[in-house]
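Going by the working numbering, the first residue of the sequence shown is number 1, and it counts up by one from there.
All C-beta atoms, glycine included, are put in the ideal place defined by N, C-alpha and C.
Owing to the predicted nature of the structure, the values given are computational and were not obtained by experimental measurement.
Note sheet for the following structure.
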Amino acid sequence: MNKESTSAELLVTKFAQLVGNLTNESERLEADQVAIFCQKIYGIERFDLGELTSWLSPDQKLELSHLIQDQDISDDAVYERIFEFYEKAEEKKKMGARKIIESGCKRFVRRMLGSEIATKLEEHRWNGNFTAQMLSAELALYTAEIKDKKNRIKAEKSIPICNRIYLGYKGDCFCNGHSSICGPFTHECMNCADNTFGVQCEKCLDGFEGSALVGETGCTPIGRSNEFAECLCNKHSSQCNEDGECISCLHNTTGNQCENCAEGFYGDATQGTAEDCIPCPCPNGGDCFINGDALVECRTCPNGTYGSTCELQFQPETTTRITEIVI
């Protein structure tokens, strides 16, 4: 028997029967060790889809069986119910469930995709440069390449659970601002704009340089990004003119280096965040400044008001009328 002519399940079962016929305990132990070695070397590994849900209680399994039999219930709804069971489980049971699922998913990848891909995926899983969305897309792409239709369908049914709990992917579509649409199965960002590409539109296209992670102007034609080396804009713009003066300052900033808050806003524009300059607390969008007491003060107040932020009103003068009473 070999891997091409016989299923892994049959090989494992047949070998177990042969080991069971051995009468000598030491020989049985030695045979078990040989079995482990052979499974690893020849990629003979059993995987049962039911392993991923073996941690569920009998009542939970019964509920799921009813959902599966209901033609009006989608597969996604069934998986969501499994995730609800997992999230609501007590901590001890959840830890046990996670171990079962992680172990099952690793076997699934090895059995369906091979040891080389399993090792690669596990390395990427522990590499801080790969997000959960990237890992999920990688697993989906490998699964789509399975030639045997029956095995491919079996693998596709395992992916949702492995994505959510083994890889930590919860279905969000993050494309670094270059797209808002992801593929339903691969979870790759689609139609990446701004000269970007990648699972999350995280790379610049050939012929462009810079960083796709900093917004729509992050990837520029090679050579252009270095035309103005002294383009210092406190992270409020990425464009300068020939004199190094910043163009189109964002985040309510102004100045040659976007170093000041625009009129009607206050703060420290040199901190380099989108929240550096916030609206002045003045009526009608009035301008303000930081006074000597380190408090925000409006430059002018509308008629009839006063105070550091024009929060007080003048009281109208009152006169006392004296009426002479003649007796």
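Residue i, DSSP secondary structure in three states
i      : result
Gln336 : Residue 336 cannot be examined here, being either before or after the span of the chain that is shown, 1 to 327.
Ile278 : strand
Val214 : helix
Pro316 : coil
Asn290 : Note that residue 290 corresponds to Ile in the displayed sequence, not to Asn. Three-state result, Ile290: strand.
Asn163 : helix
Thr309 : coil
Pro58  : helix
Lys40  : Interpretation of Lys40 is limited by its pLDDT of 49, a score under 50 that renders its predicted location unreliable; no figure is taken from the coordinates.
Thr220 : strand
Glu145 : coil
Thr53  : helix
Glu227 : In this prediction, Glu227 scores a pLDDT of 47, lower than 50, which makes its location untrustworthy; the coordinate-derived value is nonetheless stated afterwards. It is coil, neither helix nor strand.
Ile260 : According to the sequence displayed, residue 260 carries Asn and not Ile. In the structure shown, Asn260 sits in a strand (DSSP, three-state: E or B).
Glu123 : helix
Glu242 : coil
Residue burial classification, residue i (beta-carbon count within 10 angstroms, cutoff 16)
i      : result
Ile41  : Because Ile41 carries a pLDDT of 43, less than 50, the predicted location of this residue cannot be relied on, and the following value inherits that uncertainty. By the 10 Å Cβ count, Ile41 comes out exposed.
Trp126 : exposed
Arg299 : exposed
Gly307 : exposed
Leu312 : exposed
Ala269 : buried
Glu242 : exposed
Gly207 : exposed
Asp76  : exposed
Ile278 : exposed
Phe85  : buried
Range of the contiguous alpha helix (DSSP H) that encloses residue i
i      : result
Cys182 : First-last for Cys182: undefined, no H or E at that position.
Val109 : 91 to 113
Glu80  : 75 to 88
Any C-beta of chain D under 8 Å from that of residue i
i      : result
Cys189 : This model lacks chain D altogether; it includes just one protein chain.
Check whether residue i and residue j have beta carbons under 8 Å apart
i      : j      : result
Tyr79  : Ala132 : no
Cys258 : His236 : yes
Phe83  : Arg152 : no
Met112 : Val199 : no
Arg399 : Leu64  : In this structure the chain extends from 1 to 327, so residue 399 is not present and cannot be described.
Asn234 : Gly286 : no
Ala140 : His66  : no
Gly215 : Gly177 : yes
Glu102 : Leu121 : no
Cys189 : Phe108 : no
Cys219 : Gly210 : yes
Ile100 : Ser158 : no
Residue i versus the options, residue with shortest Cα-Cα distance
i      : options                : result
Cys368 : Lys157, Asn191, Ile165 : No information on residue 368 is available, as it lies outside the stretch 1 to 327 that the chain covers here.
Thr309 : Glu156, Gly264, Pro283 : Pro283
Ser115 : Lys93, Tyr142, Asp72   : Tyr142
Phe289 : Gly304, Glu275, Tyr266 : Tyr266
Extent of the continuous beta strand (DSSP E) run through residue i
i      : result
Glu297 : 296 to 298
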